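Student: Residue numbering for the sequence shown follows this note's numbering, beginning at -6 and increasing consecutively.
Think of the CB as a built atom: it goes at the ideal place given N, C-alpha and C, for glycine as much as any other residue.
Given the structure is predicted, the values throughout are model-derived calculations rather than measurements.
Take a look at this one; I'll ask things after.
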Amino acid sequence: MDAWPGSAYPLGATFDGSGTNFALFSEAAQRVELCLFDEDGTETRVDLIDVDAYVWHAYLPQVQPGQRYGYRVHGDYDPKNGARCNPNKVLLDPYAKATAGSYDWHPSLFSYNFGDPLSENNADSAGHVMLGVVVNPFFDWAGDRHPRTPYSDTVIYEAHVKGLTMQHPDIPEEQRGTYAALGHPAIIEHLQKLGITAIELMPVHQFVQDSTLLDKGLRNYWGYNTIGFFAPHNEYSSSGDDGQQVPEFKSMVRAMHAAGIEVILDVVYNHTAEGNHLGPTLSFKGIDNGAYYRLVDDDRQYYMDYTGTGNTLNVRHPHALQLIMDSLRYWVTEMRVDGFRFDLASALAREFYDVDRLSTFFELVQQDPVVSQVKLIAEPWDVGPGGYQVGNFPPQWTEWNGKYRDTVRDFWRGEPSTLGEFAVRLTGSADLYENSGRHPVASINFVTAHDGFTIHDLVSYNEKHNEANGEDNNDGESHNRSWNMGVEGPTDDPVIQRLRAKQQRNFLATLLLSQGVPMILHGDEMGRTQSGNNNTYAQDSQISWQNWDKADEPLIEFTAAVSRLRHDHPIFRRSRFFHGRPVEREEGAPVPDIMWLRTDGSEMSPDDWDAGYRSVGVFLNGDGIRQRDVRGAEITDDDFLIYFNAHDEDVDFTLPPTTLEPAWDVVVDTAGNAADSEIEGGNPITVEAKSLMVLRAHSAPTTELADHSVSASLAMLSAAQADATPAAGAPRIG
C-alpha cells in the first residue's frame, strides 16, 4: 500500500476525489499504525511516520470511499498513571465520518483482565470492533438553504428517528426507523400541519449498544452513549453502513429544509461510551486517555464523573475542545443542520471544578463564525455539585426551562401555591433571563420531554411503571408532578376519560400560548402512551414507538389549530418581556401591555397572588406589540383574554368593561363547550373546571380565505366531534 506524506489538517479521513488523507492526534503515542480492512476482515497495516504537533498523518492515493479502517496506537500502558495505550486494540478514529459494524463485547475489547483492573490484556480486538469508513463528501444539495427561522417564530418538535417512524403505515417497511423515513412526505406533512418549524432529533451521533442492556434483551434506545461525534448512527440508515448513511442523512435534511423545517441535533459532548476505568478501550482511551478525559488528579486510574455515565470529556484540553468545535462545524457546514441541544451542558462549563459560564468552551462558541450563528440550546444541568444552572447560561444561548415544566404541571394538577410562579413562566420567565440581557425566547418551554412521562401518561399515572426496564422499577424519576384523576392507568370511566382529554389539551394550549419557544414531545399531539414508563432509555420497542394507527385525530387537530393561532398572532410570541406599563392605544386611555385579572374582572393585587387561588385571567394588549412589517409599516395585534381555571369546580369570570373592548369572541375552549361570539364586555362567562378559554377582541368578519381561518381549520375536528363518544371530551376552537 503506497503511503505519501500527508497533512496534519484536517483530522480524520478526508477523500479529495483522488485519494485519502489520514490524520490522528495523539500526544501519548510512540508509534501509530493505520489499519485498513477488506470485506473479509483481512487487515493491512500502514505506519504513520510523519508527525506534526502530535498529529500523525499520511496520504494514501489508492484509498477510496467505502474503505474501512481503524488505528493501533503504541505507547505506555500504565493505568495507575492514566496511560492506556495498547496496540492490540483496534481503535475507532474520533473523527470518523461514518462507521461500519458494531461492538460484540468480546473480552478483547477491554485492556485489562476481568477482576484485575491494573492488569494488561493483550488479546487482539480486530473482528470485534466498529470501524471507521472513508466517505465521499460530495453531495448535490440542489440549492438547499438553511431556513433560519427566528426564535420568536420557532416551534420545536423533539423526536426520535426510529420511534417516530417505525410504525407509520405510509412509509415503506424497509425505510421505517431510518433517516429516509424521517424525510418521507408523510412525516413532513404531519410536521407542517402542526406548524413545526424545527425538529430536534434525539442523538444521531454514532452510539454504542451497552453490553449490560444487551444481556437483558434490551437496547440503548435513546442513544446518549456516543462513540463517534462526526458519524451519523449507522443503524438509522436504510441504505447500508459503508458510508451510505451520510448521503441518506443529508437527503433528509434537504427534504426538511425544502419544507421550511430546521434540523436540530441533541448532542452528547459531555461523555463517551467508554465508561470508567472498568469500561472498554474502543477509541479515546487507547489514543490519548489523559487528553480526552477528566482524570482524578491524585489517582489517574480513575475518571471524574459529572454525568453519571462513568467519565467526563476533558474540556480543559485544547484537543478535546478542538474535537467538539470541529464536530459542531462539520455538522453545520457539511451536514447542514441548523442547531444543537447540548445534553448535560453544565458539564461542558466545568473547566476546573465549579460550573463556569465563562469557560473556554463558551468563549470558543461565542467567537466561532459558524457555530455562533445557529441555534444553541442548553440542557442547563448535570449531576455534579452546583450543576443545576437554569437561567445562568451566556446570552447567546437558550435553555430547556425545567422550572417551566414543573410549574405548569403543578398548576394544572391543582397546587394552589403555584399561581404567581405560573404567571412568571407563562410570560417568558423574566426572573431567569431578563437580568442577563436575554429575551423570552431564551426559555425553551416544555411540559414533557423524552425523559419522563408523555402528556397522555402525565394525566393517567401517579406512579412510574418501569418494570420492563429490568431494574425492579427502581430507575426513573419518582416525583413526576402527575395526576391520574383517581384511577391508575387505563379506565373505561367516561368522566375520567373526558377529564384526561381536557387536561391534555390544557397542557398543549398552555405550552403553545406561553411566551418563549414551545417544544412538543413527539406523539403528545397524538395521545402517545408509554404505559406509565417514564424512563424508556432501553425500550427500543412498541412501548416507545409511536402507534400511528391509534393516533388521537381530534387532539392532532386541536394542537394544529392552537399552533396556527400562535403563528397568526405575535402577541403570543413577543420578542420582549411584558413590562406592565401603559401602552398608547388608537382610541381611549392607555392600557398596560398585560393585566392579570381576578374572577370579578378587577386587577390582581399583590395579596391575591398568595391567597391560594387556582384560577386567573390575563389580558394581552395587542397594541403592545408595535412591530414592523416587511415594508416597515407599524403593525399591532388583536387584544386577547386567557382564562385559566385549575380549580375542581366551574368558575364564573366577569369580562373587563366595554371601555377596554366592546365585545369578545371565544376562540379556544379546552372544555369543548359551544363557542360563543360577540360576548359584550362586562358580562359573566363560565370557565369549566380544569380548563382554559381564549377570547379575542370581536371584530367584523374579514375577507380571509375560509380554509385558512382558525374556525375553518377545524372543519375536520367538528365532524370528528359529531361522531365522538362523550368520553372523548372534544375541544372547541372557532
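(1) Pick out whichever of R607, D616 and V417 has its Cα sitting closest to the Cα of P583.
(2) Confirm, please, whether the CB-CB distance from N462 to T353 is below 9 angstroms.
(3) Which word fits I220, buried or exposed, when buried means at least 16 other C-beta atoms lie within 10 angstroms of its C-beta?
(4) Could you check which residue in Y296, S537 and L258 has the C-alpha nearest to that of A76?
(5) Helix, strand or coil: how does DSSP classify L734 here?
(6) Run through DSSP, which three-state label would L258 get?
(7) Look at the Cβ atom of Q199, then the Cβ atom of P240, and state whether they are nearer than 9 angstroms.
(8) Starting from H67, follow the beta strand (DSSP E) in both directions and report where the run begins and ends.
(9) Between the beta-carbon of V127 and the beta-carbon of V56, is there less than 9 angstroms?
(10) So what does DSSP say about V780, is it helix, strand or coil?
(11) Taking the beta carbon of F8 as the centre, do at least 16 other beta carbons fall within 10 Å, making it buried, or is it exposed?
(12) Please tell me whether Y214 and A690 are closer than 9 angstroms, where the distance is taken between their beta carbons.
(13) Can you tell me the Cα-Cα spacing of I513 and E596, whole angstroms?
(14) Three or more C-beta pairs under 8 angstroms: does that hold for the region 159 to 173 against the region 85 to 92?
(15) Among residues of its own chain, excluding the 5 on either side of L314, which ones have a beta-carbon nearer than 7 angstroms to its beta-carbon?
(16) Going by alpha carbons, who is nearest to D542 out of M519, V555, T552 and R557?
(17) Would you kindly work out how many angstroms separate the C-alpha atoms of S145 and A435, rounded to a whole number?
(18) Taking only three categories from DSSP, how would you classify R212?
(19) Bridge partners of R24, per DSSP?
(20) Below 8 angstroms on the Cβ atoms is my contact criterion, and I expect A21 with D281 to pass it. Report the Cβ-Cβ distance as a whole number of Å.
(21) Assign M(-6) to buried or exposed, taking buried as 16 or more other Cβ atoms, counted over all protein chains shown, within 10 Å of its Cβ.
(22) Should T718 be labelled buried (16 or more other beta-carbon atoms within 10 Å of its own) or exposed?
(23) Just the C-alpha distance for S711 and D298, rounded to the nearest angstrom, thanks.
(24) Just grab the DSSP bridge partners of A690 for me.
(25) What separation, rounded to the nearest whole angstrom, lies between the Cα atoms of R498 and L505?
(26) Q389 by DSSP, collapsed to three states: which one?
(27) For G(-1), is the classification buried or exposed, using 16 other Cβ atoms within 10 angstroms of its Cβ as the cut-off for buried?
(28) The beta strand (DSSP E) with M512 in it runs from where to where?
(29) Report the rounded CA-to-CA distance for L341 versus H139, giving the unit in angstroms.
(30) Tell me the rounded alpha-carbon separation between R287 and F103.
(31) So S608 is in the beta strand (DSSP E); what residue range does that whole segment cover?
(32) Please return the same chain residues whose Cβ sits closer than 8 angstroms to the Cβ of G674, not counting the five positions on each side in sequence.
Tutor: According to the structure shown:
(1) D616
(2) no
(3) buried
(4) Y296
(5) Since the first residue of the chain shown is -6 and the last is 727, residue 734 is not available in this structure.
(6) strand
(7) no
(8) R61 to G68
(9) yes
(10) Not covered by the structure: residue 780. The range shown for the chain is -6 to 727.
(11) buried
(12) no
(13) 32 angstroms
(14) no
(15) V308, T353, F354 and L357
(16) M519
(17) 10 angstroms
(18) coil
(19) H67
(20) 4 angstroms
(21) exposed
(22) At T718 the pLDDT is 41, less than 50, meaning the model places this residue with poor confidence; the figure from the coordinates comes in the next sentence. With fewer than 16 Cβ atoms within 10 Å of its Cβ, T718 is classed as exposed.
(23) Because S711 sits at a pLDDT of 45, beneath the cut-off of 50, its placement in the model cannot be relied upon, and the following sentence gives the value as read from the coordinates. Roughly 54 angstroms separates the two Cα atoms.
(24) W657
(25) 10 angstroms
(26) coil
(27) buried
(28) V510 to L514
(29) 27 angstroms
(30) 20 angstroms
(31) S608 to L613
(32) L648, P649, P650, T651, T652, L653, E654, P655, A656 and W657
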